[in-house]
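Novice: Everything in the sequence shown is counted per full-length UniProt numbering, starting at 1 for the first residue and increasing by one. Cβ coordinates follow ideal geometry from the N, Cα and C atoms, glycine included. Bear in mind that the values here come from a model prediction, so they are computed numbers and not experimental data. Starting off with a structure, shown below.
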Amino acid sequence: MNILKEFRVSDKCSYLPDMNQTTHYKVIDECSVDYCQDLIERGYRRFGKMYFRPICPACDECKSIKIDVENFKFSSSQRRVIRKASDVKSYIQRPTISKAHLELFEKYHLFMNEKKGWDHTPSSAQSYYNSFVDAHNDFGYEVLYFLDDELIGVDLIDILEDGISSIYFYYDPAYTHLSLGRLSLYNQITFAKRSKKRWIYLGYYVKDCPSLAYKSHYKPYLTLEGRPTIYEEPIWSAT
Numbered sequence: 001m002n003i004l005k006e007f008r009v010s011d012k013c014s015y016l017p018d019m020n021q022t023t024h025y026k027v028i029d030e031c032s033v034d035y036c037q038d039l040i041e042r043g044y045r046r047f048g049k050m051y052f053r054p055i056c057p058a059c060d061e062c063k064s065i066k067i068d069v070e071n072f073k074f075s076s077s078q079r080r081v082i083r084k085a086s087d088v089k090s091y092i093q094r095p096t097i098s099k100a101h102l103e104l105f106e107k108y109h110l111f112m113n114e115k116k117g118w119d120h121t122p123s124s125a126q127s128y129y130n131s132f133v134d135a136h137n138d139f140g141y142e143v144l145y146f147l148d149d150e151l152i153g154v155d156l157i158d159i160l161e162d163g164i165s166s167i168y169f170y171y172d173p174a175y176t177h178l179s180l181g182r183l184s185l186y187n188q189i190t191f192a193k194r195s196k197k198r199w200i201y202l203g204y205y206v207k208d209c210p211s212l213a214y215k216s217h218y219k220p221y222l223t224l225e226g227r228p229t230i231y232e233e234p235i236w237s238a239t
C-alpha cells in the first residue's frame, strides 16, 4: 500500500443548499483490503484510488450508515420488487469499461439532471475509468444487470472482510418500473447473508437530502459517531 498524497478541499455542499463542505482525501495506490476496511469503517468512501470523507467543522449532518444484514428481514413489498424483476439477470465480475457502460452512464445522468436537477457534465472514458475501474485491487467488483441481453444496470461494490461497501449504481431510465436501485440493494443484502457478511455500508445518510434520506428505510441500521482517526476505534450506534 502506498498513500500518494492527502489533502482537503472546501467547496459548496453536495447535499444541503446554502452550505459549504470540507472533504478530506487520501489517494492510495494498491490499497489492501484490510486498510480499505479500516477506512470504510471510519466513514470514508472510495472512488478509484481516491478515499474521502466530509470533515465539516460546523456540521455533522452526513452520517455514515450501515445495514445490519444479520437482522434484516425482507418485507412483502421488498419481495414483490424481487419477483417483479425475475427476468433480469445479473453477473458479478471485476470492474470493466465498455461503450455500453459509458452510454448507460450518460443516459442515467441526463435523466437525473432532468428529474432531480443534478449537475451534469458529460463523462469521458478516462474519468469513468478513474472513478470506477482503477484501483479495484482484490476487493472491487461490478454487478451487471441484463434484460434480454441488454445492459440495463451497473452496481459498483467493494467486498470487504465483514461486509459490502456500496459505491455507486446507475441504470437505464427506461426500466424505472423495475425499481432497479432497490433491486440492486436487495441483491447485495441477499449476497451478504449467503456469504456471512454482517454489514452493507451505504455511504452517507443526510436526513434533509431527498437523494440520501431513503437510506434510513432499511432497518435495522447503525450510524457512525463522529469522524474517528485511523488509530481510534470506530463507534457505530443503533438509532
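Name the residue from Glu233, Trp118 and Ile200 whose alpha carbon lies nearest to the alpha carbon of Pro220.
Specialist: Residue Ile200 is the option with its Cα nearest to Pro220.
Novice: Are Tyr15 and Cys62 closer than 8 Å when you measure CB to CB?
Specialist: Going by C-beta atoms, Tyr15 is nearer than 8 Å to Cys62.
Novice: Could you give the DSSP three-state label for Phe7: helix, strand or coil?
Specialist: Of the three classes helix, strand and coil, the one that applies to Phe7 here is strand, per DSSP.
Novice: Let's see if you can read the secondary structure: which residues bound the alpha helix (DSSP H) around residue 246?
Specialist: Summary: the structure shown does not reach residue 246, with the chain confined to residues 1 through 239, and so no result is reported for it.
Novice: Would you call the CB atoms of Val69 and Asp138 closer than 8 Å?
Specialist: For Val69 and Asp138, no; Cβs fall outside 8 Å.
Novice: Would you identify the three-state DSSP class for Gly43, choosing helix, strand or coil?
Specialist: Coil, per DSSP.
Novice: Can you look up Leu110 in the DSSP assignment and give me helix, strand or coil?
Specialist: DSSP places Leu110 in helix when its eight states are reduced to three.
Novice: Beta strand (DSSP E) containing Thr22: first to last residue?
Specialist: Here the beta strand (DSSP E) through Thr22 covers Asn20 to Asp29.
Novice: In chain order, what are the residue ranges of uninterrupted alpha helix (DSSP H) at least 4 long that sit wholly in the segment 208 to 234?
Specialist: Listed in chain order, the complete alpha helix (DSSP H) runs (minimum 4 residues) inside the segment 208 to 234 are 210 to 213.
Novice: Among Ser124, Lys26, Tyr129 and Lys12, which one has its Cα closest to the Cα of Thr96?
Specialist: Of the listed residues, the one whose Cα sits closest to Thr96 is Tyr129.
Novice: Using C-beta distances below 6 Å, list every residue in its chain close to Pro228, excluding the 5 sequence neighbours before and after it, in chain order.
Specialist: Once the five neighbours on either side are set aside, the close Cβ partners of Pro228 are Arg42 and Pro234.
Novice: Does Leu183 come out as helix, strand or coil in the three-state DSSP assignment?
Specialist: Leu183: helix per DSSP, three-state reduction.
Novice: Between which two residues does the beta strand (DSSP E) carrying Ser64 extend?
Specialist: Note, Ser64: beta strand (DSSP E), Lys63 to Asp68.
Novice: Lys89 by DSSP, collapsed to three states: which one?
Specialist: Correct three-state label for Lys89: strand.
Novice: Can you give the Cα-Cα distance for Tyr35 and Ile157, rounded to whole angstroms?
Specialist: So the two alpha carbons sit approximately 16 Å from each other.
Novice: By the three-class DSSP mapping on this structure, what secondary structure does Pro54 have?
Specialist: Of the three classes helix, strand and coil, the one that applies to Pro54 here is strand, per DSSP.
Novice: Nearest to Phe169 by CA position, among Leu202, Ala192, Phe191 and Val81, is which residue?
Specialist: Residue Leu202 is the option with its Cα nearest to Phe169.
Novice: Taking the runs of the alpha helix (DSSP H) that are 4 residues or longer, which of them lie wholly in the segment 109 to 146?
Specialist: Runs of the alpha helix (DSSP H) inside the segment 109 to 146: 125 to 128.
Novice: Does DSSP put Glu150 in a helix, in a strand, or in coil?
Specialist: Correct three-state label for Glu150: strand.
Novice: For the putative contact between Ser184 and Gly153, defined by C-beta atoms under 8 Å, what is the C-beta separation to the nearest angstrom?
Specialist: Indeed they touch by this definition, with Cβ atoms about 6 Å apart.
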